[in-house]
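Numbering (our numbering), first residue to last: 234 to 504.
Ideal placement from N, C-alpha and C gives every residue a C-beta, glycine not left out.
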DNA sequence: CCGGCCACCTGCGGGC
DNA sequence: TGCCCGCAGGTGGCCG
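Here you go:
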């Protein structure tokens with residue numbers, strides 16, 4: 234489910250409820266996530282106060298005086314603040330209960346997600362240490378992308394989805410940004426001009442920012458209570474639109490597997 | 001360092 | 001109905 238906009242939207246949704254609150258209890262129903270949830274989590278967090286919550290890449294970082302807890306939503310994770318007594322689903326793996334009555338609930342059917350203790354220097358942990366720049370930051374720009382692409386022979390789509398190059402560009406927005414920038418997803422990363430990397434960088438920033446503004450509703454399973462599909466999905470130009478006409482030239486959108494992931498593009502507009 | 005491939009896991013929709 | 005197949009938002013790790 235979550236690309237970066239969903240993670241950012243989740244952050245904005247939960248933060249006001251949890252800042253300055255102290256942990257009353259930790260409930261772990263299923264510890265077999267991508268890595269096992271550590272057994273000491275309960276005693277470590279008990280009575281600790283949430284000093285801040287922030288996002289780095291697609292990780293949500295919960296800062297306490299004694300260290301930082303990271304939660305990653307993987308492919309199918311969701312994190313919600315609920316009031317007491319919402320029924321427990323079979324995939325509700327972890328709850329953090331707070332003294333103000335708030336309840337942070339982590340649900341993740343596929344269990345590719347992560348609830349992991351990073352200690353006092355989270356940025357040096359193995360999960361965060363090697364990550365590239367944030368896509369919406371100023372140090373992510375065309376110059377940077379172009380310089381990192383030198384001599385790389387792999388497909389540009391794989392290149393921009395590599396978290397060591399830039400974080401937060403998932404499978405949906407990689408296809409979208411490349412369409413915006415008129416770049417073919419299979420083109421070698423090292424065979425793209427400086428100027429076109431400017432365009433690609435702007436496109437990445439724009440598709441992510443627009444999705445965040447739309448409330449991070451990228452997903453097929455983000456359906457509102459009255460059954461209306463997620464708002465932003467209707468704005469996707471190519472992702473999931475195989476066989477329908479390109480909005481720019483009416484050529485039929487094609488799907489092709491690149492780096493074991495489905496990629497969508499217009500063979501007329503993108504080169 | 002780089003590219004290619006695999007693994008982890010559950011659910012859903014389509015075809016037969 | 002029910003089974004089997006392919007597909008799905010991520011990313012660390014391994015191998016050559």
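Asked, Found
"What did DSSP end up calling residue 292 once you bin it into helix, strand or coil?", "strand"
"In angstroms with no decimal places, state the Cα-to-Cα distance between residue 356 and residue 383.", "27 Å"
"Under 8 Å by Cβ, that's how I've got residue 350 and residue 274 pegged, so tell me the actual separation to the nearest angstrom.", "6 Å"
"Going by Cα to Cα distance, which pick from 397, 308, 418 and 289 is closest to residue 302?", "289"
"Any idea which residues DSSP pairs residue 491 with across the strands?", "494"
"Taking DSSP as the reference, what is the three-state secondary structure of residue 345?", "coil"
"Please report the distance separating the alpha-carbon of residue 247 from that of residue 448.", "13 Å"
"Compute the distance between the beta-carbons of residue 309 and residue 342, then report whether it is under 8 Å.", "yes"
"Counting along the chain, where does the alpha helix (DSSP H) carrying residue 428 start and finish?", "427-446"
"Per DSSP, what are the beta-bridge partners of residue 258 in this structure?", "330"
"If contacts are defined as beta-carbon pairs under 8 Å, then residue 409 and residue 469 qualify, I think. What distance do you get, rounded to the angstrom?", "6 Å"
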